[in-house]
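K.L.:
Counting from 1, position 137 in the sequence shown corresponds to residue 136 in numbering that gives the first Met the number 0; the numbering is continuous, with no gaps.
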Amino acid sequence: MSNEYFTYKEIISQTEAWSQALELVCAATLPKATGYELVIFTGCGSTYYLALAAAALYQELTGHSARAVPGGEMLLNPQTVFRTASNGALPRMLLVAISRSGTTTETLKVVERFRAEQRGDVITISNYGETLSTFGDVNITISSGQEESVAQTRSFSSMYVAVTALCARMAGRDDLLEPMSGLPETGRRILRDFEPTARRLGEDLTLDRFYFLGSGIRYGLACETNLKMKEMSLTHSEPFHFLEFRHGPMSMVNANTLIVGLLSDSNFSHESTVLNEMQALGGKILALGESGAEINLGSGIPEVVRAVLYLPALQLMAFYRALAKGLNPDRPTNLTSVVKLDLH
Ligand code: F1P
0 MSNEYFTYKE
10 IISQTEAWSQ
20 ALELVCAATL
30 PKATGYELVI
40 FTGCGSTYYL
50 ALAAAALYQE
60 LTGHSARAVP
70 GGEMLLNPQT
80 VFRTASNGAL
90 PRMLLVAISR
100 SGTTTETLKV
110 VERFRAEQRG
120 DVITISNYGE
130 TLSTFGDVNI
140 TISSGQEESV
150 AQTRSFSSMY
160 VAVTALCARM
170 AGRDDLLEPM
180 SGLPETGRRI
190 LRDFEPTARR
200 LGEDLTLDRF
210 YFLGSGIRYG
220 LACETNLKMK
230 EMSLTHSEPF
240 HFLEFRHGPM
250 SMVNANTLIV
260 GLLSDSNFSH
270 ESTVLNEMQA
280 LGGKILALGE
290 SGAEINLGSG
300 IPEVVRAVLY
310 LPALQLMAFY
320 RALAKGLNPD
330 RPTNLTSVVK
340 LDLH
């Protein structure tokens, strides 16, 4: 029955698209991080969340400044993004524009304006060889991440693998590419081993609110998994950084709450403590981590390049919740796969 849905097929087959993403980025001619004063990652919706995850990873790996800005914000409030040069010289920038469709209006307009204002170089990441893929100095198009369903799953993770490899290469950390080649096989094992857990929690309709906690390079992924829960299953859901959750949001915890933790290695004990405290308040907990969690990634892959492995089980949880609520996960309410605007 699950197999009748595009979303399910796309989640289950996503690791093939990860392999293609890795191959494409390994074969691309890329600039070095030292060439730019600032890198801006942009996108809309899921791809803005991807930009958030990418900016954190870029800065962690390269040591150079990066930030993520939603496409719409760069258009409407550019003064909050670009500084005006006092001595006439503009800082050299790189814009990384991310879009599954390659046709989202805000993302296209942002790149056009960045080019017109001669702010720097452009790299595009997409799943379709559409307009955006003609705009970059480097264009990475991962065709095997294309999708029939509206909510991004396979597309998102394929583009995330691409930005992970891009950050590693721009940092001069080509040593991380070989371990990354183990991601697809590990991803398949996680899908196999943890589908029952994802299904059990997804089908638990006593739950009525979901919080996704992730810090550092995982925050953007917590945002994305929260969005899956909203889009597919029309459920109240929010993302937070781990320690932020104590500063107010925990007021919402009760017996109908699931708190999902994307645990790191480096801050494992601080993050686990937050989950344990929320459990003591009566909430249910789902922890994901390399080891010592309910969903163990068990990858042996360096932490900075393995984060895509948090996604598949949480995508499945949203999928199964949609089915349990009698919804069609392929066609989220009020949503189309691309948002096209008349911005004149
Ligand atoms: C971006 C996006 C999706 C969202 C919805 C509408 O599209 O906002 O994240 O789930 O499908 O479009 P894209 O620019 O990545 O194609």
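Just so it is clear, CB atoms sit at the ideal spot from N, CA and C, and this is done for glycine as well.
1. Taking DSSP as the reference, what is the three-state secondary structure of D173?
2. Mind checking A292: buried by the 16 CB within 10 Å criterion, or exposed?
3. Whose CA, out of I300, S100, S265, A161, lies closest to the CA of S336?
4. Going by C-alpha distance, which of K283, S154, G201 is nearest I10?
5. Should C43 be listed as close to the ligand F1P, given that the test is whether its C-beta is under 6 Å from any heavy atom?
6. Within 10 angstroms of its Cβ, does T61 collect 16 or more other Cβ (buried), or is it exposed?
7. Which residues in the same chain as Q13 place their Cβ atom closer than 6 Å to its Cβ, once the five residues preceding and following it in sequence are excluded?
8. Taking V303 as the reference, give the member of E270, G288, E111, L37 with the closest Cα.
9. So the beta strand (DSSP E) H235 belongs to, where does it begin and stop?
10. Evaluate contact between the segment 174-181 and the segment 195-203, counting only Cβ atoms and requiring at least three cross-stretch pairs below 8 Å.
11. Just checking S156 against the ligand F1P - is the residue's beta carbon closer than 6 Å to any of the ligand's heavy atoms?
12. M0: buried (16+ other C-beta within 10 angstroms of its C-beta) or exposed?
13. Would you decide whether R305 is buried or exposed? Buried here means 16 or more other CB atoms lie within 10 Å of its CB.
14. Thinking V38 and A55 are a contact (beta carbons under 8 Å), I'd like their distance in whole angstroms, please.
15. Check whether the Cβ atoms of G213 and L261 sit closer than 7 Å, and answer yes or no.
16. Distance check for E146 and T106, CA to CA, integer angstroms please.
17. Cα separation between Y355 and I294?
18. Report, in whole angstroms, the separation of the C-beta atoms of A32 and A164, which I expect to be a contact under 8 Å.
19. I'd like the ranges of any beta strand (DSSP E) spanning at least 3 consecutive residues and lying wholly in the segment 178-235.
20. What first and last residue would you give for the alpha helix (DSSP H) that runs through P69?
21. Checking the sheet assignment: what are the DSSP bridge partners for F40?
22. Determine contact between the segment 269-289 and the segment 249-257, defined as no fewer than three beta-carbon pairs at a distance below 8 Å.
23. Taking the beta strand (DSSP E) that I122 falls in, what are its first and last residues?
24. For P90 versus E36, is the C-beta spacing smaller than 7 Å?
25. Just curious, the beta strand (DSSP E) that T46 is in, first and last residue?
26. Assuming V273 is part of the alpha helix (DSSP H), what are its boundary residues?
27. Under a three-way DSSP split, which group does A32 fall into?
28. Can you give me the C-alpha to C-alpha distance between F346 and V273, rounded to a whole angstrom?
29. Going by C-alpha to C-alpha distance, which of Q117, D341, P195 sits closest to L94?
30. According to DSSP, is V110 part of a helix, a strand, or is it coil?
31. Within the same chain, show all residues whose beta-carbon is closer than 7 Å to that of P301, passing over the 5 residues directly before and after it, in chain order.
32. What is the C-beta distance between C166 and A53, in whole angstroms, given that I count them as a contact (C-beta under 8 Å)?
33. By how many angstroms is the C-alpha of L326 removed from the C-alpha of T332?
34. Please report the straight-line C-alpha distance between T104 and V338, rounded to a whole angstrom.
P.N.:
So, from the listed chains and residues:
1. What you label residue 173 is simply residue 174 of the sequence shown in a count that begins at 1. D173 falls in the helix class under three-state DSSP.
2. As a first step, residue 292 must be located in the sequence shown, where it is residue number 293. With 16 or more other Cβ atoms within 10 Å, it is buried.
3. Locating residue 336 in the sequence shown gives position 337, where the first residue counts as 1. Nearest option by C-alpha distance: S100.
4. Working through the sequence shown from its first residue, we reach residue 10 at position 11. If we check each option's Cα against that of I10, S154 comes out closest.
5. Sequence index remark: in the sequence shown, residue 43 carries index 44 (1-based). Short note on C43: C-beta closer than 6 Å to some heavy atom of the ligand F1P.
6. Taking the sequence shown and counting its residues from 1, one reaches residue 61 at position 62. Buried, since its Cβ has 16 or more Cβ neighbours within 10 Å.
7. Your numbering for residue 13 matches position 14 in the sequence shown. Cβ neighbours of Q13 beyond the five flanking positions: R153, S156.
8. Within the sequence shown, residue 303 is the residue found at index 304, counting from 1. Of the candidates E270, G288, E111, L37, the one whose C-alpha sits nearest the C-alpha of V303 is G288.
9. Residue 235 sits at position 236 when you count from the first residue of the sequence shown. Note, H235: beta strand (DSSP E), 235-239.
10. Too few Cβ pairs lie closer than 8 Å, so no.
11. The residue labelled residue 156 in the question sits at position 157 within the sequence shown. The answer is no for S156.
12. Counting from 1 along the sequence shown, the entry for residue 0 is found at position 1. Looking at its Cβ environment, which holds fewer than 16 other Cβ atoms inside 10 Å, M0 is exposed.
13. Within the sequence shown, numbered from 1, the residue matching residue 305 stands at position 306. R305 should be labelled buried.
14. In the sequence shown, counting from the first residue as 1, residue 38 sits at position 39. In the sequence shown, counting from the first residue as 1, residue 55 sits at position 56. In fact, because the Cβ distance is near 12 Å, the residues do not count as touching under 8 Å.
15. Counting from 1 along the sequence shown, the entry for residue 213 is found at position 214. Counting from 1 along the sequence shown, the entry for residue 261 is found at position 262. Cβ atoms of G213 and L261: closer than 7 Å.
16. Locating residue 106 in the sequence shown gives position 107, where the first residue counts as 1. Locating residue 146 in the sequence shown gives position 147, where the first residue counts as 1. Going from the Cα of T106 to the Cα of E146 covers about 19 Å.
17. The chain is shown only over 0 to 343; residue 355 falls outside these bounds and no answer can be derived.
18. Counting from 1 along the sequence shown, the entry for residue 32 is found at position 33. Counting from 1 along the sequence shown, the entry for residue 164 is found at position 165. The pair is not a contact, with the Cβ atoms about 14 Å apart (cut-off 8 Å).
19. Listed in chain order, the complete beta strand (DSSP E) runs (minimum 3 residues) inside the segment 178-235 are 208-213.
20. To locate residue 69, count along the sequence shown from 1; it is residue 70. Looking at the DSSP string, P69 is not in any alpha helix (DSSP H); the run it does join, the beta strand (DSSP E), is 65-69.
21. Within the sequence shown, the letter at position 41 stands for residue 40. Paired residues: A67, V95.
22. Because the criterion of three Cβ pairs below 8 Å is met, the segment 269-289 and the segment 249-257 touch.
23. Here the question's residue 122 lines up with position 123 in the sequence shown. Element bounds for I122: 119-125.
24. Counting from one through the sequence shown, the residue named residue 90 turns up at place 91. Counting from one through the sequence shown, the residue named residue 36 turns up at place 37. Result yes, Cβ atoms of P90 and E36 sit closer than 7 Å.
25. In the sequence shown, the residue the question calls residue 46 occupies position 47. Where T46 is concerned, there is no enclosing beta strand (DSSP E), although the alpha helix (DSSP H) it sits in stretches over 45-61.
26. For the purposes of this step, residue 273 is identified with residue 274 of the sequence shown, where counting begins at 1. Taken as a continuous stretch (DSSP letters only), the alpha helix (DSSP H) holding V273 covers 267-279.
27. Counting from 1 along the sequence shown, the entry for residue 32 is found at position 33. When secondary structure is reduced to three states using DSSP, A32 falls in the helix class.
28. Outside the shown range of the chain, which is 0 to 343, sits residue 346, and nothing can be said about it.
29. Translated into the one-based positions of the sequence shown, residue 94 becomes position 95. Answer by Cα proximity: Q117.
30. Start at 1 with the first residue of the sequence shown, and residue 110 comes out as number 111. In this structure, V110 counts as helix in the three-state DSSP scheme.
31. Numbered from its first residue, the sequence shown carries residue 301 at position 302. Contacts found: L175, P178.
32. The count along the sequence shown starts at 1 and reaches residue 166 at position 167. The count along the sequence shown starts at 1 and reaches residue 53 at position 54. Their Cβ separation, rounded to whole angstroms, is 7 Å, which keeps C166 and A53 in contact under 8 Å.
33. Your numbering for residue 332 matches position 333 in the sequence shown. Your numbering for residue 326 matches position 327 in the sequence shown. Roughly 9 Å separates the two Cα atoms.
34. Here residue 104 refers to the residue found at position 105 when the sequence shown is read from its first residue. Here residue 338 refers to the residue found at position 339 when the sequence shown is read from its first residue. C-alpha separation (whole angstroms): 7 Å.
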